[in-house]
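> Just add 1 to wherever you are in the sequence shown, counting from 1, and you've got our numbering.
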Amino acid sequence: MSNAQHPIYEKLASLAITLPPLAAPAAAYVPYVQTGKLIFLSGHLAKKEGKVIVGQLGKNVSTEEGKAAARLVAIDLMGTLHAALGTVGKDLSHVTRIVKVVSLVNSTSDFTEQHLVTNGASELLGEVFGSAVGAHARSAFGVAQIPMGACVEIEMIAEIA
2 MSNAQHPIYE
12 KLASLAITLP
22 PLAAPAAAYV
32 PYVQTGKLIF
42 LSGHLAKKEG
52 KVIVGQLGKN
62 VSTEEGKAAA
72 RLVAIDLMGT
82 LHAALGTVGK
92 DLSHVTRIVK
102 VVSLVNSTSD
112 FTEQHLVTNG
122 ASELLGEVFG
132 SAVGAHARSA
142 FGVAQIPMGA
152 CVEIEMIAEI
162 A
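1) For a minimum of 3 consecutive residues, which ranges assigned as the beta strand (DSSP E) are wholly contained in the segment 61 to 137?
2) Within a Cβ cutoff of 8 Å, which residues of the same chain sit near V55, ignoring the five residues on either side of it in sequence?
3) Compare the beta carbon distance of V106 and L58 with 9 Å and say whether it is the shorter of the two.
4) Could you say which of I155, Y33, A162 lies nearest to L46 if we only look at CA atoms?
5) Would you check if the distance between the CB atom of I9 and the CB atom of V129 is smaller than 9 Å?
6) Under a Cβ-count criterion, where at least 16 other Cβ atoms within 10 Å of its own Cβ denotes burial, should V31 be classed as buried or exposed?
7) For L73, I'd like the list of residues in its chain whose CB is within less than 7 Å of its CB, leaving aside the five on either flank, ordered along the chain.
8) Quick one: what's E156 bridged to in DSSP?
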């Protein structure tokens with residue numbers, strides 16, 4: 002079965018999602034590290050059409066806008082995961098579990114809906130991978146600032162076969 006025929010890739014196509022290529026790191030780190038069956042993905046900033054989505058939740062970014070930004074981050078994370086798996090002759094069909102998602106939400110001190118913002122990523126991962134693989138442990142933090150002024154940054158750990 003080619004990856005285009007696998008249900009994960011069919012789901013991405015049905016959602017009109019094209020996975021982006023692996024982006025070059027913006028600082029002194031690598032986009033992912035694989036150790037054994039785990040792949041750790043570095044934090045990915047919210048971007049739209051290659052530009053960082055800047056702003057702060059509770060100030061100039063709404064919860065719904067933050068949720069949409071988190072969804073875009075999940076697409077970038079899946080793109081990085083796809084690229085990482087490609088280096089070892091595999092693809093997203095080899096993901097056995099999205100283990101953990103850690104979300105940093107650029108927030109004012111009184112903003113308390115980081116969990117709702119992060120749902121943008123969690124819901125998409127569940128939709129694409131299905132509940133058995135896509136349901137994950139998660140942390141969502143409100144932070145005072147994120148690099149480049151991004152509104153959301155998310156990192157992820159995935160297990161592969």
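We put the CB at the ideal spot given by N, CA and C, even for glycine.
Taking the definition as stated:
1) 96 to 107
2) M149, G150, A151, C152
3) yes
4) I155
5) yes
6) exposed
7) Within its own chain, the residues whose Cβ lies closer than 7 Å to the Cβ of L73, once the five positions on either side in sequence are excluded, are A47, K48, K49, listed in chain order.
8) DSSP lists V103 as partners of E156.
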